[in-house]
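Student: Sharing a structure with you now.
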Ligand SMILES: [Zn+2]
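Residue numbers (this note's numbering): 27 to 198.
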């Protein structure tokens with residue numbers, strides 16, 4: 027497995043609409059494996075293909091608590107087929123927006139349909155953190171970052187700070 031480089035915002039590659047995969051073949055399965063390794067190493071609880079420069083509808087996640095058994099998911103072409111009326115608010119962060127967090131409101135419970143690593147169609151009912159994480163990663167596939175759910179003022183403050191950090195040079 028290979029650890030991939032994570033793209034940091036602002037970056038045009040994080041703003042594109044990704045294409046569905048035709049089939050989860052060995053190449054897509056390898057991408058899923060590499061994304062999981064990259065996510066665990068970061069460490070993070072979710073990662074979407076555009077964050078590693080691949081414009082395909084693939085996400086991985088594992089929201090298991092530290093010390094609990096790993097519970098990885100790899101999903102291609104995920105789609106929400108049901109969402110609850112009830113919302114939940116989480117203080118979200120993102121591996122592409124390091125050190126920035128903000129409250130985001132999303133449906134509390136969802137049902138997602140996707141292709142798994144073996145190219146089988148699956149459905150998963152998720153709630154709480156897992157539901158939030160799936161929706162956050164699915165947003166990435168349409169070029170949406172969690173800051174896009176905030177007011178323009180809050181979003182611009184975060185993006186300006188990230189841009190400034192990118193331009194800084196570490197000397198010594
Ligand atoms: Zn993210």
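Glycine residues also receive a C-beta, built at the ideal position from the N, C-alpha and C atoms. All values reported here derive from a predicted model rather than from experimental measurement.
Between residue 159 and ligand 1, is the CB less than 6 Å from at least one heavy atom?
Tutor: no
Student: Which whole runs of the alpha helix (DSSP H) in the segment 38-115 are 4 residues long or more, in chain order?
Tutor: 52-67
Student: In angstroms with no decimal places, state the Cα-to-Cα distance between residue 110 and residue 194.
Tutor: Roughly 43 Å between the two C-alpha positions.
Student: Please list the terminal residues of the continuous alpha helix (DSSP H) segment that includes residue 178.
Tutor: 178-193
Student: Considering only the alpha carbon of each residue, which of 176, 117, 180 and 183 lies closest to residue 154?
Tutor: 117
Student: Who are the Cβ neighbours of residue 49 in its own chain at under 7 Å, not counting the five residues just before and after it?
Tutor: 145
Student: So, under 8 Å CB-CB, residue 88 and residue 99 are touching, yes? Tell me the CB distance rounded to an integer number of Å.
Tutor: 7 Å
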